[in-house]
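All remarks here apply to the structure that follows.
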Amino acid sequence: MDIEESNGNGNHERGKDDSALQTSPKSPLSSIDLAMDGSMNASIEQLYHNVCEMESSDDQSPSRASFISYGAESRIDLELRHLVGDVGEVGERKTETILEKKEESNSNDSKNRGGNLSQKKPGESLSNGKKLAKTSPNRKIPGSRVSSRKSPDFVDEESPEIGPLLLRQAREMVSSGENLNKALDLALRAVKAFEKCVEGEKQNGLNLVMSLHILAAIYAGLGRHNEAVPVLERSIEIPTIEDGEDHALAKFAGCMQLGDMYGLMGQVENSILLYTAGLEIQRQVLGESDARVGETCRYLAEAHVQAMQFEEASRLCQMALDIHKENGSNTTASIEEAADRKLMGLICDAKGDYEVALEHYVLASMAMSSQNHREDVASIDCSIGDAYMSLARFDESIFAYQKALAVFKQAKGENHSSVASVYVRLADLYNKIGKIRDSKSYCENALRIYLKPSPGTPVEEVATGFIEISAIYQSMNELEQSLKLLRRALKIYANAPGQQNTVAGIEAQMGVICYMIGNYPESYNIFKSAISKFRNSGEKKTALFGIALNQMGLACVQRYAINEAADLFEEAKTILEKECGPYHPDTLAVYSNLAGTYDAMGRLDDAIEILEYVVGTREEKLGTANPEVEDEKQRLAALLKEAGRGRSKRNRALLTLLDKNPEIAPNVGQRQVY
77 MDIEESNGNG NHERGKDDSA LQTSPKSPLS SIDLAMDGSM NASIEQLYHN VCEMESSDDQ
137 SPSRASFISY GAESRIDLEL RHLVGDVGEV GERKTETILE KKEESNSNDS KNRGGNLSQK
197 KPGESLSNGK KLAKTSPNRK IPGSRVSSRK SPDFVDEESP EIGPLLLRQA REMVSSGENL
257 NKALDLALRA VKAFEKCVEG EKQNGLNLVM SLHILAAIYA GLGRHNEAVP VLERSIEIPT
317 IEDGEDHALA KFAGCMQLGD MYGLMGQVEN SILLYTAGLE IQRQVLGESD ARVGETCRYL
377 AEAHVQAMQF EEASRLCQMA LDIHKENGSN TTASIEEAAD RKLMGLICDA KGDYEVALEH
437 YVLASMAMSS QNHREDVASI DCSIGDAYMS LARFDESIFA YQKALAVFKQ AKGENHSSVA
497 SVYVRLADLY NKIGKIRDSK SYCENALRIY LKPSPGTPVE EVATGFIEIS AIYQSMNELE
557 QSLKLLRRAL KIYANAPGQQ NTVAGIEAQM GVICYMIGNY PESYNIFKSA ISKFRNSGEK
617 KTALFGIALN QMGLACVQRY AINEAADLFE EAKTILEKEC GPYHPDTLAV YSNLAGTYDA
677 MGRLDDAIEI LEYVVGTREE KLGTANPEVE DEKQRLAALL KEAGRGRSKR NRALLTLLDK
737 NPEIAPNVGQ RQVY
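So the number in the numbering used here is just where the residue sits in the sequence shown, counting from 1, plus 76.
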């Protein structure tokens with residue numbers, strides 16, 4: 077199937093990142109330019125409107141859908157249900173009263189609106205008990221006193237109580253898809269209005285915090301991320317925990333929203349700092365065993381998974397599981413517990429504990445099935461299939477995948493991205509067991525969906541699908557097809573703010589394929605671009621970065637840039653020793669390449685010292701009869717012989733001294749842990 081023939085609608089318009097990324101701040105509240113995609117637009121509605129229609133924090137509502145697709149919804153919704161539900165409605169009620177008094181000075185209507193907020197049903201107006209409808213700011217609502225009044229443009233700007241009305245107008249404009257710039261103007265005016273009366277009045281302080289949250293979200297939607305971050309930092313500084321639970325929850329919400337922004341731009345370490353601060357605030361206010369603390373523990377664990385910090389992720393996920401067990405039923409597992417178990421399964425899977433992962437997946441599936449969540453069960457079945465495939469139990473893996481495929485086709489349609497993701501898994505499985513024709517068939521089925529995705533399909537899912545299928549084609553040695561798919565994925569992410577590390581990873585894999593094809597100049601240039609992005613990301617140097625340095629070093633060898641190759645191998649050695657340890661196969665491969673380079677540079681003693689260590693380690697780990705060990709021993713013997721008789725005038729070809737495996741890593745481009 078020629079992927080160039082299709083003109084799928086994978087392109088997606090995003091806000092331009094016009095800010096330069098800086099290094100990670102020491103303090104989680106330090107100002108830093110951010111870059112994030114347009115996914116923040118929807119969070120404005122979540123921040124102000126949807127949350128008002130949900131239960132107060134006293135109601136232990138079911139978990140969000142984030143346990144299936146992490147990060148699909150802004151984390152701050154968890155506590156803003158309570159905070160905005162009180163603050164927003166009180167503010168609007170107060171504004172309504174003021175405006176009514178201006179026209180009807182003798183009216184006593186406002187006396188009848190002071191009821192307890194916790195007694196109202198979600199989504200009901202405090203004035204008449206009827207559900208509020210989403211409307212355009214300029215549209216009149218029959219029977220609504222506020223909507224029939226003058227717009228905020230004609231109301232006294234000196235009145236500090238105009239803030240809640242301005243804030244509501246801004247939220248309604250964004251939720252209705254109207255001009256974001258106009259919404260920004262309204263939000264800025266709301267902030268100024270609240271600033272005038274914030275001193276000495278705690279309620280207005282909370283109103284100001286909420287307006288800052290919405291202002292930051294609008295800035296992010298406009299791509300002005302460098303202006304959004306200090307706004308969120310200020311929203312965290314204003315409330316103090318000592319002023320009560322609402323103020324503590326406002327501080328918590330600010331920490332989580334800023335953490336989300338760091339996460340979206342790829343700065344996972346800063347994101348974890350903010351999430352950890354939010355968790356500590358929540359535990360201090362709500363107690364150690366509150367179910368909402370459990371949700372935050374799981375959310376923080378997800379961030380640690382993204383940072384490949386599996387031990388800490390496991391600890392936090394176990395805390396969440398214990399809390400949800402304590403708060404759940406004694407007879408059936410809760411949805412929250414099922415979410416915890418699925419994440420724990422992913423963590424165990426990433427650590428190589430496939431049997432333990434399988435146990436968690438099965439328990440999570442049983443809990444979801446008891447709640448009749450068929451699609452969630454199908455998603456877990458995919459994870460079960462992954463675990464079975466890792467255990468080489470291929471028949472059971474196929475059964476799990478086919479079961480999930482049937483559910484997704486029935487529930488979402490045959491052209492949904494969820495169906496394509498199962499096709500990719502089946503293609504990978506059949507490729508592993510040598511059924512290449514079946515594998516290609518499933519790859520083509522998945523590509524037909526990804527090349528013409530259904531409306532509303534996240535472009536990131538499409539790009540991930542291209543990367544996964546590319547890895548399968550690469551293992552089949554169909555390198556040109558693999559490279560085409562990586563280019564498509566790169567095109568999707570090319571102008572996406574906050575995806576610098578993702579782009580660098582794709583480019584590194586493209587560099588590997590170009591190296592395998594024999595296009596060494598192109599491989600070198602692509603690696604150079606990838607390395608530059610890794611360096612500028614502001615994140616710590618990961619194992620992937622070290623492996624990419626090693627591959628770029630090999631490309632330098634092919635271009636006879638020996639000194640540059642040595643520098644790259646040395647840097648890769650330092651990083652991989654720290655991240656993987658001195659005995660890891662990737663680290664040993666770099667040692668071997670560095671020894672060969674030193675020999676070519678005339679540093680024979682250094683080459684012998686490194687190669688002796690490599691041979692000793694491989695003999696210990698693999699045994700003396702292993703072919704890989706035998707090859708290293710022959711290389712070492714040749715070097716020792718040469719050292720014993722003096723330096724030979726005839727230099728051996730450098731390529732015979734290098735590790736010949738051009739792969740970045742066995743699983744680069746395969747399914748990631750989400």
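We put the beta carbon where it would ideally sit given N, CA and C, even for glycine.
Residues near residue 451 by beta carbon distance below 6 Å, same chain, minus five either side
487
Measuring CB atoms only, is the stretch 559 to 569 touching the stretch 533 to 544, in the sense that at least three cross pairs come out at less than 8 Å?
yes
If you measure between the beta carbons of residue 426 and residue 463, is that distance less than 9 Å?
no
When the distance is taken between beta carbons, is residue 437 closer than 9 Å to residue 411?
no
Option nearest residue 337 by Cα separation, candidates 350, 716, 387, 524
350
Residue environment, residue 494, which counts as buried when at least 16 other CB atoms sit within 10 Å
buried
Looking at the secondary structure, which residues open and close the alpha helix (DSSP H) in which residue 311 lies?
301 to 313
Report the three-state DSSP secondary structure of residue 465 (helix, strand or coil).
helix
For residue 242, which of helix, strand or coil comes out of DSSP?
helix
To the nearest whole angstrom, what separates the beta carbons of residue 348 and residue 331, a pair I think is in contact under 8 Å?
In fact, because the Cβ distance is near 11 Å, the residues do not count as touching under 8 Å.
Excluding the 5 residues flanking residue 397 on each side, which residues of the same chain have their C-beta closer than 6 Å to its C-beta?
416
Residue 298, DSSP secondary structure in three states:
coil
Please identify the residue among 608, 585, 259 whose C-alpha is closest to the C-alpha of residue 576.
608
Considering only the alpha carbon of each residue, which of 466, 593, 458 lies closest to residue 478?
458
Separation of residue 465 from residue 514, as counted between CA atoms:
16 Å
Pull up the distance between the alpha-carbon of residue 341 and that of residue 298, whole angstroms please.
15 Å
Identity of the residue in 261, 430, 524 nearest residue 469 by Cα:
430
Would the beta-carbon of residue 675 fall within 9 Å of that of residue 626?
no
Counting C-beta neighbours from all protein chains within 10 Å, is the total for residue 635 16 or more, i.e. buried, or is it exposed?
exposed
Near residue 655, which residues of its chain fall below 6 Å by C-beta distance, leaving aside the five closest residues on each side in sequence?
619
With C-beta atoms as the reference, is residue 63 less than 9 Å away from residue 381?
An answer regarding residue 63 cannot be provided, because it is not within the stretch 77 to 750 covered by the chain.
Spatial distance of residue 652 from residue 658 (CA atoms)
8 Å
Kindly indicate the opening and closing residues of the alpha helix (DSSP H) around residue 537.
535 to 551
Per-residue DSSP class, three states only, for residue 141:
Per-residue confidence for residue 141 stands at a pLDDT of 34, beneath the threshold of 50, marking its modelled position as unreliable; no derived number is given.
Distance check for residue 666 and residue 33, CA to CA, integer angstroms please.
Beyond the ends of the chain as shown, which are 77 and 750, falls residue 33; an answer cannot be given.
Under three-state DSSP, which class holds residue 366?
coil
With C-beta atoms as the reference, is residue 239 less than 9 Å away from residue 266?
yes
Can you have a look at residue 358 and say buried or exposed, based on whether 16 or more other CB atoms are within 10 angstroms of its CB?
buried
Please report the straight-line C-alpha distance between residue 155 and residue 325, rounded to a whole angstrom.
Note on residue 155: pLDDT 40, under 50, position unreliable in the model; no value is reported.
From this set, 400, 304, 375, 390, which residue's C-alpha is nearest residue 364's C-alpha?
400
Whole angstroms is fine: what's the gap from residue 445's alpha carbon to residue 568's?
36 Å
Cα separation between residue 691 and residue 643?
23 Å
I'd like the span of the alpha helix (DSSP H) that includes residue 507, first residue to last.
493 to 508
Can you grab the Cα-Cα spacing for the pair residue 571 / residue 640, in whole Å?
30 Å
By alpha-carbon positions, which one of 704, 685, 697, 706 ends up nearest to residue 719?
685
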